[in-house]
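2 protein chains.
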Amino acid sequence: MTLKVSNTTKKSSVTRQLILDAAAKKLSQHGYHGTYLKDVAESINMQAGSLYYHFNSKESLMQEVLNKSIQLIQDIVNYEVEQLGETPSFPDLLKAAIRGHLIAILRHSDYTLASIRNYGQVPVAVHKAAQPDRDAYENFWRELFEQAEKNGVIRAGVDTHLLRLAIFGSMNWATIWYVDSGASVEEIADSQAELFLNGCYKKGEQGGI
Amino acid sequence: MTLKVSNTTKKSSVTRQLILDAAAKKLSQHGYHGTYLKDVAESINMQAGSLYYHFNSKESLMQEVLNKSIQLIQDIVNYEVEQLGETPSFPDLLKAAIRGHLIAILRHSDYTLASIRNYGQVPVAVHKAAQPDRDAYENFWRELFEQAEKNGVIRAGVDTHLLRLAIFGSMNWATIWYVDSGASVEEIADSQAELFLNGCYKKGEQGGI
DNA sequence: CTTAGATTCTAATTTACGTTAGATTGAGTA
DNA sequence: TACTCAATCTAACGTAAATTAGAATCTAAG
Chain A
1 MTLKVSNTTK
11 KSSVTRQLIL
21 DAAAKKLSQH
31 GYHGTYLKDV
41 AESINMQAGS
51 LYYHFNSKES
61 LMQEVLNKSI
71 QLIQDIVNYE
81 VEQLGETPSF
91 PDLLKAAIRG
101 HLIAILRHSD
111 YTLASIRNYG
121 QVPVAVHKAA
131 QPDRDAYENF
141 WRELFEQAEK
151 NGVIRAGVDT
161 HLLRLAIFGS
171 MNWATIWYVD
181 SGASVEEIAD
191 SQAELFLNGC
201 YKKGEQGGI
Chain B
210 MTLKVSNTTK
220 KSSVTRQLIL
230 DAAAKKLSQH
240 GYHGTYLKDV
250 AESINMQAGS
260 LYYHFNSKES
270 LMQEVLNKSI
280 QLIQDIVNYE
290 VEQLGETPSF
300 PDLLKAAIRG
310 HLIAILRHSD
320 YTLASIRNYG
330 QVPVAVHKAA
340 QPDRDAYENF
350 WRELFEQAEK
360 NGVIRAGVDT
370 HLLRLAIFGS
380 MNWATIWYVD
390 SGASVEEIAD
400 SQAELFLNGC
410 YKKGEQGGI
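Written as structure tokens, this is what we have:
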């Protein structure tokens, strides 16, 4: 007797994954409305109609792509942070989190780009379905800064809410210029962490200008 | 005799502007492929076919919207910077530029959101047509930091290229959370300028953690 | 009031997308 | 070999989008 294949190891689950990958790629490039099932199918040598054996609709396919995206980011960030050991300093923590997020969105860019580029442009049902995952990920960052504030390592006058959003912006925007920049993910991560920690300004000495 | 109406003050140019405004709004909300001429027309009580009296195609209409967007940002930033007088300090200059950019993208958000959200998702011809304007605007910022470096007010080790991209990211990403944040444009501008100038980190005193 | 030109509408054309139903294929099993 | 089930394909259906041509309307000038 051969191995009994469980539901989750059927051959079709390989195809299912192929479809998701192809959909992520198209979604990241052309947006929800610019992604056509015909193209998704063609890119893996299938017919559009065949996709319906694996997914109920375009909407549910796209929904799955977007959910996968956020979980992927979360997983990678968690991994990077866990590498740090027990009681990491705030700068190290921030650097690790930024590195993780950037690795996720720049190296696994099909899925994560899909998520970032289509924020607010997908049907409401699809957008809402991904909200819990987004909230959970946001909380991770929120707590990171709450902890830092509690430990007194945040300068007076800094609004950590706006800080978090600024960092998110810098990171996510990198998806747009990364490929053309020649910079490595590590370089970008270090640079951004350093900027948000210490800024770019050299005070004093030459006075006015 | 009444005023001779020139080409640029014809009544139709008013309609033309209405169409552009409506298109910008839809484009910012639904993306290029999710924007339908029928919807654009309906939102100003017209029929889709009538748009073709003013524009040759959907593509050319959208192209004009995107070009307008970037010029709009540039104009507002220029205005804010010019308010500063002759020889402004780098911090003041940066604050003014950030404020201008944020005013543009948050207050005139239909056009500018259209530009930001559809980056890379429009047909290549449309994207290419807006490139000169984008380049010109980018140069403004490039020069801002070149000057600052020449004046020795940038900390050693800071890559102004990555700095500029980080600032762009923080600013442009604000389009996503601005409406729900309750923060004012001025607050956000001050916060971001302050962060990029001096960072968030309070060194020393409590040592390790 | 008439008329010419500008502007808009109506209705049709073309194209293509999402979706579906039924036929077809192919691999493993009795 | 014949059968079964999973997986895919084929060929359509219905809908809707961009575009177009010609008719209808509105405006301003004589």
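Chains as they are written, first to last, in this note's numbering: chain A, 1 to 209; chain B, 210 to 418.
Yeah, the Cβ is synthetic: ideal placement off N, Cα and C, and Gly gets one too.
Any chance the segment 186-197 of chain A sits against the segment 92-101 of chain A, with 3 or more Cβ pairs inside 8 Å?
-> With the cut-off at 8 Å, the segment 186-197 of chain A and the segment 92-101 of chain A touch.
Contact list for R155(A) against chain B, beta-carbon separation under 8 Å | The sequence position of residue 155(A) within the first sequence is 155, counting from 1. Per Cβ cutoff of 8 Å: N407, G408, C409, Y410 and K411.
Which of the residues in the segment 283-304 of chain B, read from start to end, lie with their CB under 9 Å from any CB of chain A?
-> Against chain A - using a Cβ distance shorter than 9 Å - the residues of the segment 283-304 of chain B are T296, P297, S298, F299, P300 and L303.
Using a Cβ-Cβ distance under 8 Å, would G309(B) count as near chain A?
-> For the purposes of this step, residue 309(B) is identified with residue 100 of the second sequence, where counting begins at 1. No, its Cβ sits nowhere closer than 8 Å to a Cβ of chain A.
Just reading off the alpha helix (DSSP H) that Q71(A) is part of, what are its end residues?
-> As a working mapping, residue 71(A) is identified with position 71 in the first sequence. Element bounds for Q71(A): K58 to E82.
Tell me Y201(A)'s beta-bridge partners as DSSP assigns them.
-> In the first sequence, residue 201(A) corresponds to position 201, counting from 1. DSSP, once it has assigned bridges, lists I363(B) as partnering Y201(A).
In terms of residue numbering, what span does the alpha helix (DSSP H) encompassing G100(A) cover?
-> The count along the first sequence starts at 1 and reaches residue 100(A) at position 100. Unbroken alpha helix (DSSP H) run through G100(A): F90 to R107.
Buried or exposed for I228(B), please, with buried defined as at least 16 other CB atoms from any protein chain shown within 10 angstroms of its CB.
-> Residue 228(B) sits at position 19 when you count from the first residue of the second sequence. Buried, by the Cβ-count rule.
8 Å Cβ cut-off: residues of chain B touching E171(A) = In the first sequence, residue 171(A) corresponds to position 171, counting from 1. Sequence inspection shows Met at residue 171(A); the Glu mentioned does not correspond to that position. Those within 8 Å of M171(A) in chain B are G378.
Which term fits G408(B), buried or exposed, when burial requires 16 or more other beta carbons within 10 angstroms of its beta carbon?
-> Within the second sequence, numbered from 1, the residue matching residue 408(B) stands at position 199. It counts as buried.
Looking at the C-beta of A174(A), does it have a partner C-beta in chain B at a distance below 8 Å?
-> Residue numbering aside, residue 174(A) sits at position 174 when the first sequence is read from its first letter. Closer than 8 Å: yes.
Which term fits S379(B), buried or exposed, when burial requires 16 or more other beta carbons within 10 angstroms of its beta carbon?
-> As a first step, residue 379(B) is located in the second sequence; it is residue number 170 there, counting from the start. Buried, since its Cβ has 16 or more Cβ neighbours within 10 Å.
Helix or strand or just coil, what does DSSP make of I247(A)?
-> Beyond the ends of chain A as shown, which are 1 and 209, falls residue 247(A); an answer cannot be given.
List the endpoints of the continuous alpha helix (DSSP H) containing H336(B).
-> To locate residue 336(B), count along the second sequence from 1; it is residue 127. Taken as a continuous stretch (DSSP letters only), the alpha helix (DSSP H) holding H336(B) covers V333 to A338.
Grab me the residues of Y241(B)'s own chain with a C-beta within less than 8 Å of its C-beta, minus the 5 sequence neighbours each way, in chain order.
-> Position 32 of the second sequence, counted from the first residue, corresponds to residue 241(B). So the qualifying residues of the chain are M271, N327, Q330, V331, P332 and V335.
Determine the contact status of S109(A) and T35(A), defining contact as a CB-CB distance below 8 Å.
-> Taking the first residue of the first sequence as 1, we reach residue 109(A) at position 109. Taking the first residue of the first sequence as 1, we reach residue 35(A) at position 35. 8 Å or more divides the Cβ of S109(A) from the Cβ of T35(A).
Could you work out which residue in L106(A), L66(A), T15(A) and N45(A) is closest to D180(A) when comparing CA atoms only?
-> The count along the first sequence starts at 1 and reaches residue 180(A) at position 180. Of L106(A), L66(A), T15(A) and N45(A), the smallest CA-CA separation from D180(A) is found for L106(A).
Start and end residues, alpha helix (DSSP H) containing D39(A) = Your numbering for residue 39(A) matches position 39 in the first sequence. Residues L37 to E42.
CB-CB under 7 Å to A114(A), same chain, minus the five flanking residues each way: which ones, in chain order?
-> Here the question's residue 114(A) lines up with position 114 in the first sequence. Within the same chain, A114(A) has close Cβ partners A24, L27, S28, V65, L66 and S69.
Looking only at its own chain, which residues have a Cβ that is under 6 Å from the Cβ of P300(B), when we skip the five neighbours before and after it?
-> In the second sequence, the residue the question calls residue 300(B) occupies position 91. Here the set comprises L406.
Using a Cβ-Cβ distance under 8 Å, would Q131(A) count as near chain B?
-> The sequence position of residue 131(A) within the first sequence is 131, counting from 1. No, because no Cβ of chain B sits closer than 8 Å to the Cβ of Q131(A).
Would you tell me roughly how many angstroms separate the C-alpha atoms of L84(A) and W386(B), rounded to the nearest one?
-> For the purposes of this step, residue 84(A) is taken as residue 84 along the first sequence, with counting starting at 1. For the purposes of this step, residue 386(B) is taken as residue 177 along the second sequence, with counting starting at 1. Looking at the two C-alpha atoms, the distance is approximately 31 Å.
Proximal chain A residues relative to H239(B), where beta-carbon distance stays under 8 Å = Here residue 239(B) corresponds to residue number 30 of the second sequence, with the count starting at 1. Neighbours of H239(B) on chain A, chain order: H33 and Q121.
Cβ of V185(A) less than 8 Å from any chain B Cβ?
-> Position 185 of the first sequence, counting from 1, holds the residue named residue 185(A). Not closer than 8 Å to any Cβ of chain B, the Cβ of V185(A) fails to qualify, so no.
Whose C-beta lies closer than 6 Å to the C-beta of W141(A) among residues of the same chain, with five residues either side of it excluded?
-> Here residue 141(A) corresponds to residue number 141 of the first sequence, with the count starting at 1. For W141(A), where only same-chain residues beyond five positions count, the Cβ hits under 6 Å are R164.
Could you tell me whether the Cβ of S191(A) comes closer than 8 Å to any Cβ of chain B?
-> Translated into the one-based positions of the first sequence, residue 191(A) becomes position 191. Chain B contact via Cβ: present.
Amino acids of chain A, ordered along the chain, whose beta-carbon sits closer than 8 Å to that of I397(B) | Walking along the second sequence from the start, residue 397(B) turns up at place 188. Correct list: L162.
When you compare only the Cα positions, how much space is there between E59(A) and W173(A)?
-> Mapped onto the first sequence, residue 59(A) falls at position 59. Mapped onto the first sequence, residue 173(A) falls at position 173. Looking at the two C-alpha atoms, the distance is approximately 26 Å.
In chain A, which residues lie less than 7 Å from A375(B) when you measure between Cβ atoms?
-> The residue labelled residue 375(B) in the question sits at position 166 within the second sequence. Chain-ordered, the chain A residues with CB closer than 7 Å to the CB of A375(B) read S170, Q192 and L195.
Mind listing the chain A neighbours of V223(B)? Cutoff is C-beta to C-beta under 9 Å, in chain order.
-> On the second sequence, residue 223(B) is found 14 positions in, with the first residue counted as 1. Here the premise fails: no neighbours, minimum Cβ distance about 30 Å.
Alpha carbon to alpha carbon, what distance is there between A130(A) and F354(B)?
-> Looking up residue 354(B) in the second sequence gives position 145. Looking up residue 130(A) in the first sequence gives position 130. Cα to Cα, the separation comes out at about 39 Å.
In chain A, which residues lie with their C-beta within 7 Å of the C-beta of W386(B)?
-> On the second sequence, position 177 is the one that residue 386(B) refers to. Chain-order list of chain A residues neighbouring W386(B): L165, by C-beta distance under 7 Å.
Could you tell me whether the Cβ of V65(A) comes closer than 8 Å to any Cβ of chain B?
-> Within the first sequence, the letter at position 65 stands for residue 65(A). No, no contact with chain B.
Taking Y201(A) and R364(B) to be in contact with their CB atoms under 8 Å, please state how far apart those CB atoms are, rounded to whole angstroms.
-> On the first sequence, residue 201(A) is found 201 positions in, with the first residue counted as 1. On the second sequence, residue 364(B) is found 155 positions in, with the first residue counted as 1. The beta-carbon distance between Y201(A) and R364(B), rounded to whole angstroms, is 7 Å. This is short enough to meet the 8 Å contact definition.
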